[in-house]
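Enquirer:
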Amino acid sequence: MQIKLMLACAFFHNAKLLILDEPTSGLAPLTRDELLEILQDYIKDGDKSVLFSTHITSDLKRVADYVTLINQGNMVFTGSMDDLLERYHIIKGRPQELTPNLQKNI
Numbered sequence: 018m019q020i021k022l023m024l025a026c027a028f029f030h031n032a033k034l035l036i037l038d039e040p041t042s043g044l045a046p047l048t049r050d051e052l053l054e055i056l057q058d059y060i061k062d063g064d065k066s067v068l069f070s071t072h073i074t075s076d077l078k079r080v081a082d083y084v085t086l087i088n089q090g091n092m093v094f095t096g097s098m099d100d101l102l103e104r105y106h107i108i109k110g111r112p113q114e115l116t117p118n119l120q121k122n123i
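Going letter by letter, the sequence shown gives residues 18 to 123 in my numbering.
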């Protein structure tokens, strides 16, 4: 509820840039979907932008045009969402199950 109130204040002031720190963290899936739809509507005309941090990659797939990937405080990628998905992949499993080449590149 608090994030919705903050967004309402920003919309009221016609802010051109919203900076949000993990706005969907801790939200129920339906509420997260609703918030992402609100953000998509906010930026769709092209004269407004949203900058937000997140650990939820599915959020990025829905709303991001450009992303910056930070790992241990270092910027390791900046570019389009399509380029990120082409260059990086999520690998699930225990480290000992990975090939030596993958282990080296983690």
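The beta-carbon is built from N, C-alpha and C at its ideal position, and this holds for glycine as well.
Considering only residues of the same chain and omitting the five flanking positions on each side of residue 28, which have a CB-CB separation below 8 Å?
Expert: Within the sequence shown, residue 28 is the residue found at index 11, counting from 1. Around residue 28: 59.
Enquirer: Determine the closest residue to residue 81 out of 120, 46 and 54, with distance taken between C-alpha atoms.
Expert: For the purposes of this step, residue 81 is taken as residue 64 along the sequence shown, with counting starting at 1. Minimum Cα distance to residue 81 is reached at 54.
Enquirer: Quick one: Cα of residue 101 to Cα of residue 26, how far?
Expert: Working through the sequence shown from its first residue, we reach residue 101 at position 84. Working through the sequence shown from its first residue, we reach residue 26 at position 9. So the alpha carbons of these two residues sit roughly 32 Å apart.
Enquirer: So, with DSSP's three-state summary, where would you put residue 24?
Expert: By 1-based counting over the sequence shown, the position of residue 24 is 7. Helix.
Enquirer: Measuring CA to CA, which of 97, 61 and 77 is closest to residue 42?
Expert: The sequence position of residue 42 within the sequence shown is 25, counting from 1. The shortest Cα separation from residue 42 among 97, 61 and 77 belongs to 77.
Enquirer: Does the Cβ-Cβ distance between residue 74 and residue 85 come in under 7 Å?
Expert: Stepping through the sequence shown from its first residue, residue 74 is reached at position 57. Stepping through the sequence shown from its first residue, residue 85 is reached at position 68. Contact: no.
Enquirer: Look at the alpha carbon of residue 105 and the alpha carbon of residue 99, and state the distance between them as a whole number of angstroms.
Expert: Here residue 105 refers to the residue found at position 88 of the sequence shown. Here residue 99 refers to the residue found at position 82 of the sequence shown. Near 10 Å, if we compare the C-alpha coordinates of residue 99 and residue 105.
Enquirer: One question on the structure: do residue 66 and residue 38 come within less than 7 Å of each other, judged by their Cβ atoms?
Expert: As a working mapping, residue 66 is identified with position 49 in the sequence shown. As a working mapping, residue 38 is identified with position 21 in the sequence shown. No, these two residues do not count as a Cβ contact at 7 Å.
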